[in-house]
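One structure is given here, and the rest of the page talks about it.
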Amino acid sequence: MAKPMEKITWQEIETGSVVTEIGNARQYETGSWRSERPVVDAGLCIKCGVCWLFCPDSSVKQAPDGHFEADLVYCKGCGICAKECPVGCITMVSEEG
Amino acid sequence: MDKFSVFSARLVDKTENFTSGHRACQGCAEALAVRHVMKALGRDTIVAMATGCMEIISSPLPLTSWKVPWIHNAFENPSAVISGVESGMKAMMRKGKLPYKKINYVAMGGDGATADIGMGQLSGALERGHDFLYVCYDNEAYMNTGIQRSSSTPYGASTTTSPAGKVSIGQHTQKKNMAQIAVAHNVPYVATACSSYPFDLMDKVKRGADTPGAAYINCLSVCPTGWRIPTEDAIKYGRLAVDCCIYPLYEVIGGQYKLSYKPYKKVPVTEYIKGQGRFRHLTDSDIAFIQGQVDREWEKILKLCGEGK
Amino acid sequence: MAKVRKGIEVSIAMSEAVAQANVDVIAAYPITPQTHIVEHLSEIVAEGHLDAEYVPVESEHSAMSVCCGSAAVGARTFTSTSSQGLALMSEIFTIAAAMRLPVVMALANRSLSSPLSIWNDHSDVMSVRDAGWIHVFVESGQESYDHVFTSFRIAEDPAVMLPVAINLDGFILTHMIEPIEYEDDETIRKYLPDVKMKNALHPDSPVSMGCFGMPEIYTEAQMHRQVGVVNSYGTIVKAWQEWGDLTGRYYRPVETYRTDDADYCIVTMGSYGETAMEVVDSLRGEGEKVGVIKLRLWRPFPFEDFRREALGKKTLIVVDRAISFGGPGGPVASELRSALYGVPGAPKIVNYVAGLAGRDVARVDFRNIILEGKAKAEKGDTDGFTLYGVRG
Ligand SMILES: Cc1ncc(C[n+]2csc(CCOP(=O)(O)OP(=O)(O)O)c2C)c(N)n1
Ligand code: SF4
Ligand code: SF4
Ligand code: SF4
Ligand SMILES: [Mg+2]
């Protein structure tokens, strides 16, 4: 887990400012950007994975029963999955109220 | 299942080499393209990337979205940096300083990095024939710095440095055809692609990476922010670009053109243009003019691909 | 140990040193007066005498970019340029240092345009003074040859990881034929081990290089660089000492000639040192208590060494080879003035800028500079600088 940048001392900088902990951007949770959330009607989902394939944030995951749903830790709420779902089983729902 | 349907999505490798937590705008199909490209390449890859949206959003110190060795150096030089990476690895492996390993050497940049400021360096690397793949994420403007025009911005688009105004249509020049410029270097592999067609894109990336020598892919990458479209429509507009033939998908393998996809029905260009904020000011006659251009270019491509009338 | 002594052009000797250093990648673009170095290197590679990739890039900007890529994978990397070439690559020149990529460059010093000129001065290197490279100035063919090895050793030291520029005066040195003692390959192998880079780019141990820095972290990254450059001093001195122990040729950050009892000294950097020594010899014969201080290491600036040599002298007459337009004078004099600022008993500094774009500075000119400089200091006329020999 990388320290927040404002806590890092110069001694903790790697030579050349190299980052050695690959993929650690996952500790930055982009889900907080969202104003709308995709909600999947699991009963209608045909488990095709189209939503997963088109998510720019790799924030769709497969539930144990095989249907797909948003990973709300990262989902930015762009609505692509809802638009592209071939059966229309994803609805964008406001995060407020 | 043909690669222009998406119902085999589940067969795609689940490994993410470009992780969540990146800071691209909502619905960024350029980030989606990077994700697809990195899936196709796999982990035995070294990436050199230009300054631009994809670099900024993926590498704010001390964080990185990259799971493969990745280097950013400057805006215009990923082609030269990857030339050095490839040359260094080649020399060290040949001399026994490093054990042999098959590695994909890949340079990436936006259309600004590729068609404008880094054009000479790309040309140099293609001409020298390094064993590498160059992927241009073409979102048709300098998005990172606030939607300024590039030479890849299409005719009629309004950007912050080619604004539409009383006496200006916006961008008044034609989009630079980078794929054909790459072809003119006689490299063994050139293709156009788009992240709305992920299977086609991933196939081409694999083919480009597997081709010995230099390969070039121009990937249309829809940018909802710069194109001023709703975020959920990012995939749709990529598809429309291909269906209206303003952005044909093809490969040029060893100099032979091959059309990747021919729309069942050629969609009128107005369907692509209307709804995009950057083209909002265009009149019907402007659009008719663009339609004429598209038709002519499409015929040229068909002919090159041996599908002409 | 089989040494060989050859009468050879300095550029050729330098490229042969690069081959002896078993370099992996050379990327360069031709520019006078560097051309003989890279031409000869491409020939060495073409003849199979060195197993390396010679990348014939389409510009100097690409040359340094290729060098960054190749150094980033841990390959031993060499380039060479001059003047406009350096100016064109300056963006990446800085980045190479910031990313701590241990490239070694032979910088054949030449004036900057305009007017276009191909001849020697130091305006090219001074334009990149603050980029974070280690800068060494050499004075002779032998030094040019030797510093190829010491520079790789320093650059690639895990405690340093910085690019090194070997500054040699264009034409005055690059095109001279001099007697040079070559070391055998065995000695070089002993002195210069293969590169062992901690964070080299490789799929087996992926890292991200060249990330984006927000204001919250940029300052820390710069502090890390500053400490890195300052601390490289220790490695530099050690590498030169070990080279001396192996070859009998010792180098120090600040070299002196007849300074022990000198009241005043002429300060030079680069190939002027030899002429200065000859003139000092003749002035000594006339009873002048004069010596020469030669700066070999320009970055990191050797403050301690310089002060040790400067203190106790009455006057330093500094010969610069570049102008800082509208600024305080020549870059070397400005540096020395600030190094001595507030130091009790510091000598007076008189500054001359001479030999721009290859304008000949003969012995008589040195003599004039020394005697006139001494007189100026005695009158207290020490402000600014004099552009030596300018007409009008
Ligand atoms: C030498 C230099 N000039 C200008 C810039 C500013 N700059 C950074 S990214 C960029 C535009 C990037 O556009 P593009 O390559 O199309 O990538 P995008 O952000 O659209 O993905 C510009 C102008 C820079 N970083 N370096
Ligand atoms: S709304 Fe956008 S970010 Fe969220 S899961 Fe769907 S496609 Fe991904
Ligand atoms: S696209 Fe729709 S049907 Fe397909 S997996 Fe996602 S939610 Fe289910
Ligand atoms: S500006 Fe466009 S390309 Fe850049 S991150 Fe945002 S959506 Fe993506
Ligand atoms: Mg762009």
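The listed protein sequences derive, respectively, from chains A, B and C. Each step along the first sequence adds one to the number in the numbering used here, with nothing skipped, and position 45 is 47. Each step along the second sequence adds one to the number in the numbering used here, with nothing skipped, and position 184 is 173. Each step along the third sequence adds one to the number in the numbering used here, with nothing skipped, and position 186 is 187. Note that the Cβ used here is the ideal one computed from N, Cα and C, for glycine as well. Model, not experiment: these values are computed from the prediction.
Give the interface partners of residue i over in chain B, defined as CB-CB distance under 9 Å, in chain order.
i        : result
C/Met215 : Pro49, Leu50
A/Thr17  : Those within 9 Å of A/Thr17 in chain B number zero; the least Cβ separation is about 13 Å.
C/Glu44  : Under the 9 Å cutoff, chain B gives no residues; its nearest Cβ is about 17 Å from C/Glu44.
Does the CB of residue i have a neighbour CB from chain E at under 9 Å?
i        : result
B/Gly113 : Looking at the structure shown, chain E is missing, and the protein chains on hand are A, B and C.
Report the rounded CA-to-CA distance for residue i versus residue j, giving the unit in angstroms.
i          : j        : result
C/Ala240   : C/Ser335 : 29 Å
C/Met177   : C/Leu169 : 11 Å
B/Ser139   : C/Phe150 : 45 Å
C/Ser16    : C/Val39  : 7 Å
B/Asp120   : C/Gly8   : 41 Å
C/Cys266   : C/Trp120 : 27 Å
A/Thr17    : B/Val57  : 19 Å
C/Arg368   : C/Ile32  : 33 Å
B/Lys251   : C/Thr36  : 53 Å
B/Met(-10) : B/Ile279 : In this prediction, B/Met(-10) scores a pLDDT of 39, lower than 50, which makes its location untrustworthy; the coordinate-derived value is nonetheless stated afterwards. B/Met(-10) and B/Ile279: Cα-Cα distance of roughly 34 Å.
C/Ser60    : B/Gly113 : 9 Å
C/Pro254   : C/Ile135 : 12 Å
C/Met215   : C/Pro332 : 32 Å
C/Met278   : C/Lys191 : 34 Å
C/Asp366   : C/Arg360 : 11 Å
C/Asp261   : C/Gly292 : 8 Å
C/Asp384   : C/Ser84  : 29 Å
C/Ser209   : A/Cys57  : 24 Å
By the criterion of Cβ-Cβ separation under 8 Å, what are the contact partners of residue i in chain C?
i      : result
A/Glu8 : Glu217, Ile218
Decide if residue i is buried, meaning its Cβ has at least 16 other Cβ atoms within 10 Å, or exposed.
i        : result
A/Leu46  : exposed
B/Phe268 : buried
B/Lys292 : exposed
C/His203 : buried
C/Gly328 : exposed
C/Phe326 : exposed
Starting from residue i, find everything on chain A with Cβ-Cβ shorter than 8 Å and list it in chain order.
i        : result
C/Ser233 : Here the premise fails: no neighbours, minimum Cβ distance about 12 Å.
B/Ile224 : Phe56, Ile82, Lys85, Glu86
My output table needs one value for residue i: the three-state DSSP class, helix, strand or coil.
i          : result
B/Gln282   : helix
B/Phe64    : coil
C/Glu184   : coil
C/Ser430   : Nothing can be reported for residue 430 of chain C: it is not among the residues displayed for chain C, which extend from 2 to 393.
B/Val258   : helix
B/Met(-10) : Unreliable positioning characterises B/Met(-10) in this predicted model, as indicated by a pLDDT of 39, which lies under 50. The coordinate reading is nonetheless provided below. DSSP places B/Met(-10) in coil when its eight states are reduced to three.
A/Pro2     : Within the shown structure, residues of chain A are numbered from 3 to 99, placing residue 2 of chain A beyond reach of any answer.
B/Met167   : helix
C/Phe94    : helix
C/Ser16    : helix
C/Glu279   : helix
C/Arg6     : strand
B/Arg217   : coil
B/Pro49    : strand
B/Met27    : helix
B/Ser54    : coil
B/Asn6     : coil
B/Phe121   : coil
Listing by chain order, which chain C residues have their CB less than 7 Å from the CB of residue i?
i        : result
A/Thr22  : Asn200, Val208
B/Trp287 : Neighbours of B/Trp287 on chain C: none; closest Cβ ~34 Å, over 7 Å.
If the cut is a Cβ gap below 9 Å, which residues of chain A does residue i touch?
i        : result
B/Pro187 : Leu55, Phe56
C/Ala29  : Result: empty, since nearest Cβ-Cβ is about 23 Å, beyond 9 Å.
C/Arg101 : Thr17, Gly18, Ser19, Val20
How close, in whole Å, do the beta carbons of residue i and residue j come, if the pair is a contact with beta carbons under 8 Å?
i        : j        : result
B/Gly118 : B/Ala203 : 5 Å
A/Cys83  : A/Ala72  : 7 Å
C/Phe307 : C/Ala340 : 6 Å
C/Val129 : C/Phe172 : Not quite, the Cβ-Cβ distance comes to about 21 Å (not below 8 Å), so this is no contact.
Can you pull the chain A residues whose beta carbon is under 7 Å from the beta carbon of residue i, in chain order?
i        : result
B/Cys17  : Pro58
C/Met65  : Within 7 Å Cβ-Cβ: nothing; C/Met65 doesn't reach chain A, min ~16 Å.
C/Cys212 : Ser19, Val21
For a contact defined as C-beta to C-beta under 7 Å, what are the partners of residue i on chain B?
i        : result
C/His225 : By Cβ distance, chain B contributes nothing, its closest Cβ being about 12 Å from C/His225, past 7 Å.
Output, in chain order, the set of chain B residues within a Cβ distance shorter than 8 Å of residue i.
i       : result
A/Gln29 : Gly10, Leu52
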